[in-house]
Amino acid sequence: MDNLEELYNDIIMEHSMNSYNKKELKSCDFCEMGHNPNCGDEIKLEVKLNGDIIEDMAFTGHGCAISQSSTSVMIDVLKGKTIKEAKDIIETFINMIKREIKDEKELEKLEDAIAFKNISNMPARVKCALLAWHTMEELLNKKGE
Ligand code: ZN
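Following this note's numbering, the numbering of the sequence shown begins with 30 at its first residue and continues without gaps.
The following block contains the structure:
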């Protein structure tokens, strides 16, 4: 278990320090701002769709390591997925943080985002970890209007 937690921390550190997803897209179909006043985290998500597939995604912004790496990991996980799959993954992530997942197998679809599982032990960081996911949920919901 210790090793697993170290691995998770590595994923979070790697994405917070060196995010290749942190940039602006040349053309983006949708963008959405996210803000977590508790911590001062701010992100802007950019999404390019190809039909109902998330063809490309990127973000800009600033904030704590958790918010920035959670955004970057989310982009890695959602890129290439359909909107329907993305909504399902976002819901699973939010439920994982809320500790509402009963079947651990459900978490497999989160790929690297499972690294944030233990963030629920740090209540002050929960909003940081969820910022990108709630922002993306908002973006996809608006897109459907
Ligand atoms: Zn934060």
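Just so you know, even glycine gets a beta-carbon here, dropped at the ideal spot from N, CA and C. Remember, predicted model here, so these are calculated numbers, not experimental data.
Using a Cβ-Cβ distance cut-off of 8 Å, the region 145-164 and the region 87-96 are in contact, since at least three pairs of beta carbons, one from each stretch, lie closer than that value. Counting C-beta atoms within 10 angstroms of its own C-beta, residue 46 has fewer than 16 neighbours from the protein chains shown and is therefore classed as exposed. Rounded to the nearest angstrom, the gap between the Cα atoms of residue 108 and residue 75 is 11 Å. In this chain, the beta strand (DSSP E) harbouring residue 59 covers 59-65.
If you look at residue 84, you'll find it in the beta strand (DSSP E) that goes 82-91. A contact between stretches requires three or more CB pairs, one per stretch, nearer than 8 Å, and the region 92-112 meets this requirement with the region 62-78.
DSSP places residue 79 outside any alpha helix (DSSP H); the residue lies instead in the beta strand (DSSP E), whose first and last residues are 70-79. At the C-beta level, residue 81 and residue 112 come within 9 Å of one another.
Taking one beta carbon from each stretch, the region 127-144 and the region 54-66 have fewer than 3 pairs nearer than 8 Å; the two do not touch. A Cβ-Cβ contact shorter than 9 Å links residue 59 with residue 168.
Residue 165 counts as buried, since at least 16 other C-beta atoms from the protein chains shown sit within 10 angstroms of its C-beta. For the ligand ZN, no non-hydrogen atom lies closer than 8 Å to the CB of residue 73.
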